[in-house]
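Visitor: Handing you a structure now.
In our numbering, the protein residues as written are 102 to 136.
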């Protein structure tokens, strides 16, 4: 487990079906994809 502090507001989070991509949405409506 790795903890990471984001420098933006995170509104929604979700894994994809195969759990290899992590999706974040921010307060401006942008989607960030972490792999």
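Beta carbons: idealized from backbone N, C-alpha and C, even for Gly.
Note that the structure is predicted; figures quoted are calculated from it, not measured.
Taking the beta strand (DSSP E) that residue 115 belongs to, which residues open and close that run?
Guide: 111-116
Visitor: Hey, is residue 127 close to the ligand ATP, as in C-beta under 6 Å from one of its heavy atoms?
Guide: In the structure on display, the ligand ATP does not appear, and there are no ligands present to speak of.
Visitor: Alpha carbon to alpha carbon, what distance is there between residue 134 and residue 119?
Guide: Their backbone Cα atoms lie some 14 Å apart in a straight line.
Visitor: If the criterion is Cβ atoms closer than 7 Å, does the pair residue 110 and residue 128 meet it?
Guide: yes
Visitor: Skipping 5 residues on each side, what residues in its chain have a beta carbon closer than 6 Å to that of residue 113?
Guide: Contacts found: 126.
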